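Novice: Just passing along the structure, written as structure tokens.
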Ligand code: NAD
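Residue numbers (the numbering used here): 7 to 325.
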């Protein structure tokens with residue numbers, strides 16, 4: 007098949023592009039490199055640098071594409087609180103621009119990377135797709151809006167559409183920006199370098215950490231499985247892990263005993279979140295394969311950012 011992946015030089019985009027091209031597909035990647043890095047892309051992926059809001063450029067990139075994965079977005083919850091306008095312009099404006107070009111070119115299917123954060127605080131856990139979203143941050147609002155645009159415009163323009171609500175993805179290639187870094191690679195790096203782990207709030211807040219390979223399999227299935235038009239589907243591990251537990255696992259896989267500092271809770275965060283994966287199993291045949299401890303080990307083994315510590319942590323304890 008021929009695919010376009012927007013945000014294709016990002017963390018999930020790179021893993022997806024490399025997987026698809028290795029499976030024999032024809033893959034184009036679009037990214038403005040505001041956060042992405044094309045150096046990790048398989049050379050067989052046709053990379054194009056550009057902004058997803060550029061509709062004439064999309065007309066060219068979408069020629070003969072059978073499915074577009076829409077991943078291009080600003081992705082940091084805490085940053086979105088500071089810059090909601092920018093998040094709206096890229097995440098919502100980019101989605102509308104893409105759907106316009108999908109209509110013009112006649113692309114048959116769009117897979118949107120939405121997010122588990124759209125659920126916000128829900129009394130019922132694990133969360134099912136039918137629950138009313140309670141977004142707590144501008145980022146989550148943009149994902150709710152993107153879902154509505156993709157489904158509404160897809161129906162009007164005759165394109166099949168599916169939205170995957172991805173929970174906390176982690177794995178090799180995830181960036182650690184200087185501010186608002188994702189917790190998994192940040193904790194590993196701090197633990198290995200002898201720094202402290204900063205926990206926001208009391209550490210009892212829970213998340214659903216899902217390994218990148220599981221996310222990629224779900225995305226691929228969403229593009230190729232019949233009968234998913236109009237569906238929202240959770241993609242997580244189905245396991246609820248508190249930040250305190252994550253600290254424990256990080257200590258175990260690194261073989262270090264990092265000190266933990268408690269700071270005030272970050273705005274836009276939620277107290278509990280874990281995915282119900284019933285629908286993903288039924289319609290995509292999805293079930294997660296990689297446990298958190300196994301995923302942390304793979305991350306340490308495979309991500310070059312941890313390479314310099316590998317020799318010095320040979321006896322890392324088993325979790
Ligand atoms: P990422 O930041 O690594 O990837 C996003 C990519 O989009 C970056 O490479 C960035 O350069 C690119 N981009 C940003 N603005 C752009 C624009 N205007 N035009 C073209 N490219 C642009 O983040 P990621 O973790 O790989 O996330 C990918 C997608 O999955 C995002 O839509 C994100 O919201 C969604 N998602 C991620 C997670 C997660 O845990 N990583 C969870 C839920 C949903």
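Just so it is clear, CB atoms sit at the ideal spot from N, CA and C, and this is done for glycine as well. Predicted model only: the values in this text are computed from it and were never measured.
Quick one: what's residue 238 bridged to in DSSP?
Specialist: Here residue 238 refers to the residue found at position 232 when the chain shown is read from its first residue. Residue 238 is bridged to 169.
Novice: Which residues in the same chain as residue 137 place their Cβ atom closer than 8 angstroms to its Cβ, once the five residues preceding and following it in sequence are excluded?
Specialist: In the chain shown, the residue the question calls residue 137 occupies position 131. Here the set comprises 125, 128 and 130.
Novice: Provide the residue(s) that pair with residue 73 in DSSP beta bridges, ordered along the chain.
Specialist: For the purposes of this step, residue 73 is taken as the residue at position 67 of the chain shown. In the DSSP output, where bridge partners are listed per residue, residue 73 has 9 and 115.
Novice: Given a threshold of 16 other Cβ atoms within 10 Å of its Cβ, counted over all protein chains shown, does residue 144 qualify as buried or as exposed?
Specialist: As a working note, residue 144 is residue 138 in the chain shown. It is buried - the Cβ of residue 144 has at least 16 other Cβ atoms within 10 Å.
Novice: Work out the CA separation of residue 12 and residue 245 for me, nearest whole Å.
Specialist: Looking up residue 245 in the chain shown gives position 239. Looking up residue 12 in the chain shown gives position 6. In a straight line, the C-alpha of residue 245 is about 29 angstroms away from that of residue 12.
Novice: Just verifying my parser: in three-state terms, what is the DSSP assignment at residue 320?
Specialist: One-based indexing of the chain shown puts residue 320 at position 314. Residue confidence for residue 320 is low, a pLDDT of 48 falling below 50, so the modelled location carries little weight; the figure read from the coordinates is stated next. If DSSP states are grouped into helix, strand and coil, residue 320 belongs with coil.
Novice: Using a 10 Å radius around the Cβ and a threshold of 16 neighbouring Cβ atoms, would you call residue 36 buried or exposed?
Specialist: Residue numbering aside, residue 36 sits at position 30 when the chain shown is read from its first letter. Buried: at least 16 other Cβ atoms inside 10 Å.
Novice: Are three or more beta carbon pairs between the segment 236-252 and the segment 211-219 nearer than 8 angstroms?
Specialist: Enough Cβ pairs lie closer than 8 angstroms, so yes.
Novice: Would you report the Cα separation of residue 26 and residue 226, rounded to the nearest angstrom?
Specialist: If you number the chain shown from 1, residue 26 lands on position 20. If you number the chain shown from 1, residue 226 lands on position 220. In a straight line, the C-alpha of residue 26 is about 8 angstroms away from that of residue 226.
Novice: Of all the options 251, 151 and 103, which has the alpha carbon lying nearest to the alpha carbon of residue 299?
Specialist: By one-based count along the chain shown, residue 299 stands at place 293. The option with the nearest alpha carbon to residue 299 is 251.
Novice: Just checking residue 17 against the ligand NAD - is the residue's beta carbon closer than 7 angstroms to any of the ligand's heavy atoms?
Specialist: On the chain shown, position 11 is the one that residue 17 refers to. Correct: residue 17 has its Cβ closer than 7 angstroms to the ligand NAD.
Novice: Under a three-way DSSP split, which group does residue 279 fall into?
Specialist: Position 273 of the chain shown, counted from the start, is the residue given in the question as residue 279. Coil, per DSSP.
Novice: When the Cα of residue 283 is compared with those of 114, 306, 122 and 188, which residue comes out closest?
Specialist: On the chain shown, position 277 is the one that residue 283 refers to. Cα-wise, what sits closest to residue 283 is 122.
Novice: Roughly how many angstroms lie between the CA atoms of residue 231 and residue 56, to the nearest whole one?
Specialist: Stepping through the chain shown from its first residue, residue 231 is reached at position 225. Stepping through the chain shown from its first residue, residue 56 is reached at position 50. The straight-line gap from Cα to Cα measures roughly 29 angstroms.
Novice: Exposed or buried, which one is residue 19 when buried takes at least 16 other CB atoms within 10 Å?
Specialist: Here residue 19 is taken as the residue at index 13 of the chain shown, counted from 1. Burial call: buried.
Novice: Residue 121 by DSSP, collapsed to three states: which one?
Specialist: If you number the chain shown from 1, residue 121 lands on position 115. Strand.
Novice: Count the CB pairs spanning the segment 195-203 and the segment 257-272 that are closer than 8 angstroms, and state whether there are at least three.
Specialist: Yes, the segment 195-203 is in contact with the segment 257-272.
Novice: Which parts of the segment 188-262 are runs of the alpha helix (DSSP H), unbroken and 4 residues or longer, counting only runs that do not cross its ends?
Specialist: DSSP runs (the alpha helix (DSSP H)) wholly in the segment 188-262: 189-198, 218-230 and 249-260.
Novice: Using 8 angstroms as the Cβ pair cut-off and three pairs as the minimum, do the segment 72-85 and the segment 103-115 touch?
Specialist: A contact exists between the segment 72-85 and the segment 103-115.
Novice: So, using beta-carbon positions, are residue 173 and residue 39 closer together than 8 angstroms?
Specialist: Translated into positions along the chain shown, residue 173 becomes position 167. Translated into positions along the chain shown, residue 39 becomes position 33. No, the Cβ-Cβ distance between residue 173 and residue 39 is not below 8 angstroms.
Novice: To the nearest angstrom, how far is the alpha carbon of residue 162 from that of residue 142?
Specialist: Locating residue 162 in the chain shown gives position 156, where the first residue counts as 1. Locating residue 142 in the chain shown gives position 136, where the first residue counts as 1. Residue 162 and residue 142: Cα-Cα distance of roughly 29 angstroms.
Novice: Beta-carbon within less than 6 angstroms of residue 265's beta-carbon, same chain only, minus the 5 sequence neighbours each way: which residues are those?
Specialist: As a first step, residue 265 must be located in the chain shown, where it is residue number 259. 202.
Novice: Pick out whichever of 28, 54 and 64 has its Cα sitting closest to the Cα of residue 329.
Specialist: Within the shown structure, residues of the chain are numbered from 7 to 325, placing residue 329 beyond reach of any answer.
Novice: Put residue 134 into one of helix, strand or coil per three-state DSSP.
Specialist: Here the question's residue 134 lines up with position 128 in the chain shown. Coil, per DSSP.
Novice: Just to confirm before moving on: does the CB-CB distance between residue 281 and residue 139 stay below 8 angstroms?
Specialist: As a first step, residue 281 is located in the chain shown; it is residue number 275 there, counting from the start. As a first step, residue 139 is located in the chain shown; it is residue number 133 there, counting from the start. No, they are not a contact pair.
Novice: Does residue 155 come out as helix, strand or coil in the three-state DSSP assignment?
Specialist: Numbered from its first residue, the chain shown carries residue 155 at position 149. If DSSP states are grouped into helix, strand and coil, residue 155 belongs with the helices.
Novice: So, for residue 59: in the same chain, excluding its five sequence neighbours on each side, which residues have a beta-carbon less than 6 angstroms away from its beta-carbon?
Specialist: Here residue 59 corresponds to residue number 53 of the chain shown, with the count starting at 1. Closer than 6 angstroms at Cβ, skipping near neighbours: 99, 100 and 103.
Novice: May I ask whether a heavy atom of the ligand NAD can be found less than 7 angstroms away from the beta carbon of residue 94?
Specialist: Here residue 94 refers to the residue found at position 88 of the chain shown. False, no ligand heavy atom lies under 7 angstroms from that Cβ.
Novice: I need the straight-line Cα distance from residue 42 to residue 92, nearest angstrom please.
Specialist: Position 36 of the chain shown holds residue 42. Position 86 of the chain shown holds residue 92. Whole-angstrom Cα-Cα distance: 17 angstroms.
Novice: For a minimum of 3 consecutive residues, which ranges assigned as the beta strand (DSSP E) are wholly contained in the segment 40-106?
Specialist: With a minimum length of 3 residues, the continuous beta strand (DSSP E) runs that stay inside the segment 40-106 are 52-55 and 73-76.
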